[in-house]
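The next block holds one structure in the form of C-alpha cells; read it before the comments.
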Amino acid sequence: MGGRSPAERERAGRDARSQVPPEGHGALGTAGRPDPVRVLLDQDSSRVPELVPIRHARMAESPFAFFRGSAAVMAGDLAGTPRSGFDVQLAGDAHLANFGTFGSPERTLVFDLNDFDETARGPWEWDLKRLAASLVVAGRANGFTEKQNRKLAVTAARRYRDAMTSFAGMGNLAVWYARMDVEGVRQQLGDELDPRLRKRLDRSVDKARTRDHLRSLDKLTEVHDGERRILADPPLLVPVSHLAGDASREEIESGVHDILRDYVASLRSDLRELVGSYDFVDMARKVVGVGSVGTRCWVVLLRGRDDDDPLFLQVKEAQASVLSRHLGPGAYDNQGERVVAGQRIMQAASDVFLGWHRTTGLDGTARDFYVRQLHDWKGSPDVESLTPKGLRLYARLCAWTLARAHARSGDRIAIAAYLGDDDRLPQAVADFATTYADLTEQDHAAFAAAVADGQPARAADDRTRR
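Just so we're aligned: 347 in full-length UniProt numbering is position 347 of the sequence shown, and the numbers increase by one with no gaps anywhere.
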C-alpha cells in the first residue's frame, strides 16, 4: 500500500467518499449501450460450433440462467458506473451460484468463491454489484416480493461493508488466514440458523462430502473389455476416442501426455511428484456451466495405486476475461495462468492441483487451459428452493466471503473508510440491483426471441461463409 500508515489509508478512503458519493453507485446509464444479443453472439466465434446451441438453450431458459451466462454484457454496463478508485482482484463473475463448498488441502469443508474464469484486477464495486443483482434476479425467479428482493441486495451490501470494516482492523496475516469452514458458517448465521435451516445445512454438508473421485468413478465410467473407460453421453460427455477422427488412440494418448507434462511444469516440485505417480486412463470432452458452454473443457481420468485410487482432473479452456475489454489485458500472457493466479489470491484455500498450460490444437490455434480437480466435495445450495430468509442468510455468507477475498488484494482500510458505517452505499447498491434485474429481464426476452427466431444459427452460417 505504498508504505502509507493506516491513518493515511483511511483518509484516502474518506476523500474518495466525498469525491465519489456512495449514493452515486445506484446509477446505471444505458445510453449507447451495445446490443446485448450481439455481444453474446460475438463470443460464439471462439467456441466449439456444435456446443454453442446448448449454451443458447440454457441461457434462454430463464432470466437467472441468462444472467449467469451474460457476464460480458454486464461488464460493459459496469464500465460506465462510478468507481471509488480502489482496485482489488475481482472474481469477475461473482453471482450467487459461483459460491459454494469444496474440500481444502487439509481435508476440511470450506465455503468460498469457486469460479474465476473472468478474474482480473479492477474496481471492487463491480463484484459487489454483480452479486447484489444476481440476488434480485434469483429472488424474482423464486416469486419473492420486490420488498423482499430489495432486502436481499441491502443485506449483501451491509454484510460486505461490515466484513470489510472488520478486516480493516486485522493484521495482514490474520486476513490472509481467514476462512469460512462449516463451523464458521454456523457462527456467521448465529441464532438465525433455526433448527430447520440447521438440518438443511447438515444435509448439504453430508451431500458435498460424497462428491469425491470415487463417486465420479461410479457415475462417469464403466469397465469395457477389461479396461476402464469414460461413458459416452453426447453431446454433454464425449470420450476423446469418439472425437478422434482418423487419429489413432496412441496418437491421442501421446497428445494427452504432452498436455499433462506441460501442466505439471506449472506446479510446485512436490506436486509434480504426486501427479507423476498417476497413470493416464481416459479423457472426454465435457459440457459445463452456462456461460462456459462451448469453450473447450476436458475430463481426464488418472489411476493411482489401482482402480480404487482414481484422480479426475478438469482441463478447461481459459479465454481472455470479459473484463479485459474495459480494464486492459492485465499482467498475464497466458489466460490459464491468469485464472489460477486470481483463484489463489482470492480463495482462502485453493485446490493443490491448480495449474495451467498452453497447447496448439489440430487446427493450429494456440489455446490456454487451466487444470483443477473435477469434484472435490463441491457443493452449492439449490437456490430455487430457498425461502426469502434462506436466501438472505446465503447472501450474508457470499458477501462476507467476497469482502474477505477483496481484502486479501486491495486496500481494505481505504475501502472500509469509503464504505463508512451508514446505509448510503447499501441502499445505492440495492437501487442498482433492482434496475439491473429489470434490464436483465429485458435482455433475456430479446435473447430468447432471437434464439427462437434462429438468429444465432444464421450468424453461425455467416461466420462459416466468411
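Cβ coordinates follow ideal geometry from the N, Cα and C atoms, glycine included. Quantities reported herein were computed from a predicted structural model and do not represent experimental measurements.
Please name the residue in the options whose C-alpha comes closest to that of residue i.
i: Ala168; options: Leu425, Leu327, Asp411; result: Asp411
i: Leu354; options: Gln347, Val340, Asp363, Leu40; result: Val340
i: Lys199; options: Arg215, Val182, Leu214; result: Val182
i: Asp233; options: His56, Asp225, Gly226, Leu220; result: Leu220
i: Arg338; options: Asp115, Ala12, Gly26, Thr440; result: Asp115
i: Gln347; options: Cys297, Ala403, Gly336; result: Ala403
i: Gly24; options: Asp443, Ala430, Thr440; result: Ala430
i: Gly291; options: Phe111, Glu118, Arg17; result: Glu118
i: Phe66; options: Ala97, Glu50, Ala156, Ala284; result: Ala97
i: Glu125; options: Pro235, Asp307, Ala433; result: Ala433
i: Asp258; options: Arg358, Leu135, His224; result: Arg358
i: Gly304; options: Ala7, Trp400, Leu274; result: Leu274
i: Ala178; options: Ala407, Tyr436, Asp453; result: Ala407
i: Pro195; options: Tyr160, Leu425, Gly390; result: Gly390
i: Gln343; options: Arg14, Asp308, Ala120; result: Ala120
i: Val299; options: Met59, Gln335, Thr365, Phe369; result: Phe369
i: Glu384; options: His444, Glu227, Val137; result: Val137
i: Ala405; options: Ala163, Arg9, Arg11; result: Ala163
i: Arg268; options: Arg107, Arg4, Pro22, Asp351; result: Asp351
i: Asp44; options: Asp382, Gln319, Asp15; result: Gln319
i: Leu131; options: Ala75, Ser266, Ile54; result: Ala75
i: Val238; options: Arg272, Arg261, Cys297, Leu271; result: Cys297
i: Thr30; options: Ala12, Arg47, Val73, Ala446; result: Val73
i: Ala366; options: Gln335, Arg396, Ala395; result: Gln335
i: Gln314; options: Val371, Asn149, Leu173; result: Val371
Assign residue i to one of three DSSP states: helix, strand, or coil.
i: Glu61; result: coil
i: Glu10; result: helix
i: Leu354; result: coil
i: Leu323; result: coil
i: Thr155; result: helix
i: Met164; result: helix
i: Phe369; result: strand
i: Thr434; result: helix
i: Gly336; result: helix
i: Leu374; result: coil
i: Thr360; result: strand
i: Asp112; result: strand
i: Leu260; result: helix
i: Asp218; result: helix
i: Asp453; result: coil
i: Asp15; result: helix
i: Asp422; result: coil
i: Thr440; result: helix
i: Ala428; result: helix
i: Arg33; result: coil
i: His56; result: helix
i: Phe447; result: helix
i: Gln343; result: helix
i: Ala94; result: coil
i: Pro22; result: helix
i: Asn142; result: coil
Among all the DSSP beta bridges, which residues are the ones paired with residue i?
i: Cys297; result: Lys316
i: Arg121; result: Gln89
i: Arg303; result: Asp279, Pro310
i: Asp127; result: Beta-bridge pairing links Asp127 to no other residue.
i: Val238; result: Arg285
i: Met180; result: Phe111
Locate the alpha helix (DSSP H) running through residue i, then write down its first and last residues.
i: Met74; result: 71 to 78
i: Leu231; result: Looking at the DSSP string, Leu231 is not in any alpha helix (DSSP H), and its letter there is neither H nor E.
i: Arg47; result: Where Arg47 is concerned, there is no enclosing alpha helix (DSSP H), given that its DSSP letter is neither H nor E.
i: Asp270; result: 269 to 276
i: Ala416; result: 412 to 419
i: Arg396; result: 388 to 407
i: Leu173; result: 172 to 177
Determine, using beta carbons only, whether residue i and residue j come nearer to each other than 8 Å.
i: residue 470; j: Trp356; result: Outside the displayed span of the chain (1 to 466) sits residue 470, for which this structure offers no information.
i: Pro63; j: Glu317; result: no
i: Arg285; j: Leu243; result: yes
i: Leu28; j: Asp77; result: yes
i: Asp282; j: Arg229; result: yes
i: Phe111; j: Thr401; result: yes
i: Ala71; j: Val287; result: no
i: Leu51; j: Gly294; result: yes
i: Thr155; j: Arg424; result: no
i: Phe99; j: Ser409; result: no
i: Thr165; j: Ala416; result: yes
i: Pro82; j: Asp443; result: no
What residue range is occupied by the uninterrupted beta strand (DSSP E) comprising residue i?
i: Tyr332; result: Careful: Tyr332 lies outside any beta strand (DSSP E) and carries neither H nor E.
i: Thr221; result: 221 to 224
i: Thr101; result: 99 to 103
i: residue 472; result: Absent from the model: residue 472. The displayed extent of the chain is 1 to 466, so no value can be given.
Determine, using beta carbons only, whether residue i comes closer than 8 Å to chain B.
i: Leu28; result: Within the model displayed, chain B is absent; a lone protein chain is all it includes.
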